[in-house]
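J.:
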Amino acid sequence: NAGVTQTPKFQVLKTGQSMTLQCAQDMNHNSMYWYRQDPGMGLRLIYYSASEGTTDKGEVPNGYNVSRLNKREFSLRLESAAPSQTSVYFCASSRMWGANTEAFFGQGTRLTVV
Amino acid sequence: GESVGLHLPTLSVQEGDNSIINCAYSNSASDYFIWYKQESGKGPQFIIDIRSNMDKRQGQRVTVLLNKTVKHLSLQIAATQPGDSAVYFCAENLSGTSYGKLTFGQGTILTVHP
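As structure tokens, this is what we get:
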């Protein structure tokens, strides 16, 4: 049982380049999330998808877009990468929205923008 | 549980001791709290959760205490082991319009010495 799988694990981009971070979960969860984690800090919510077909902004959405491709997959896109987007990105999923259930996290994508 | 800049609070204990990690949460409307453990290079892993209608919840070797009066959460780890060394995050789930989204604290580094 893979849980939450993120690809790639590592990526280096030049300023202005674009890329998409992929996330897939096999737990039949309804809700999915993208967080970023900067050194010495907790996770901050970028975007979330409460259910298939819906997406909403989190705490730090600027510079990102998301797509809930289907129930399993939730991608995060950087259209024009900036050094300030250097971070570790975590995808997470939870069984239900607003039901106080735990979120399961992927292993993270370490992104460096030079 | 407070941190300044990039410097996370740290806790060093000897193997076999009990550990207590503290967290101050910010929003009195929060109604669900989770403790996560994050090992180096990995995503956060669920440890234990508690709802706001409870003061205490116990798991295997872990206990979470919630004091709503002072908005304080603590994680107690009994008989701490070297494998418990990690960064520990508390997270709160806000009720109302933000229901379902977790807000993370900045984390505490736990180091267990054999």
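Chains as they are written, first to last, in my numbering: chain R, 74 to 187; chain C, 24 to 137.
Glycine included, every Cβ here is placed at the ideal spot set by N, Cα and C.
Only a predicted model underlies this, so the values are computations on that prediction, with no experimental measurement involved.
Could you spell out where the beta strand (DSSP E) holding residue 139 of chain R opens and where it closes?
T.: 137–141 is the span of the beta strand (DSSP E), which, as asked, contains residue 139 of chain R.
J.: Flag this pair as yes or no: are the beta carbons of residue 177 of chain R and residue 77 of chain R separated by less than 8 Å?
T.: A contact, by the Cβ cut-off of 8 Å.
J.: In the DSSP assignment, the beta strand (DSSP E) including residue 124 of chain C goes from what residue to what residue?
T.: Per DSSP, residue 124 of chain C belongs to no beta strand (DSSP E) and is neither H nor E.
J.: Evaluate residue 155 of chain R with the Cβ neighbour count: other Cβ atoms within 10 Å of its Cβ, from every protein chain shown; 16 or more gives buried, anything less gives exposed.
T.: Answer is exposed; the Cβ neighbour count stays below 16.
J.: What three-state label does DSSP hand residue 78 of chain C in the structure shown?
T.: Three-state result, residue 78 of chain C: coil.
J.: What does a CB cutoff of less than 6 Å around residue 78 of chain C pick up in its chain, not counting 5 residues either side in sequence?
T.: Taken in chain order, the residues that qualify are 89.
J.: Output, in sequence order along the chain, the residues in the region 113–131 of chain R whose CB is closer than 7 Å to any CB in chain C.
T.: Taking 7 Å as the Cβ-Cβ cut-off against chain C, the residues of the region 113–131 of chain R that qualify are 113, 114, 115, 116, 118, 121, 123 and 131.
J.: Between the Cα of residue 55 of chain C and those of C:61, C:43, C:62 and C:72, spot the shortest distance and give me the residue it belongs to.
T.: Answer by Cα proximity: C:72.
J.: Can you pull the chain C neighbours of residue 147 of chain R, defined as C-beta to C-beta under 9 Å?
T.: Per Cβ cutoff of 9 Å: no residues; residue 147 of chain R is ~15 Å from chain C at best.
J.: Could you tell me whether the region 97–109 of chain R touches the region 143–163 of chain R, using the rule of 3 or more Cβ pairs below 8 Å?
T.: A contact exists between the region 97–109 of chain R and the region 143–163 of chain R.
J.: In whole angstroms, give me the CA-to-CA distance for residue 129 of chain R and residue 94 of chain R.
T.: Residue 129 of chain R and residue 94 of chain R: Cα-Cα distance of roughly 17 Å.
J.: Could you pull out every residue in the same chain whose Cβ sits closer than 6 Å to the Cβ of residue 126 of chain C, ignoring the five residues on either side in sequence?
T.: Result list for residue 126 of chain C: 115, in chain order.
J.: What is the DSSP secondary structure of residue 98 of chain R, reduced to helix, strand or coil?
T.: Here residue 98 of chain R sits in strand by DSSP.
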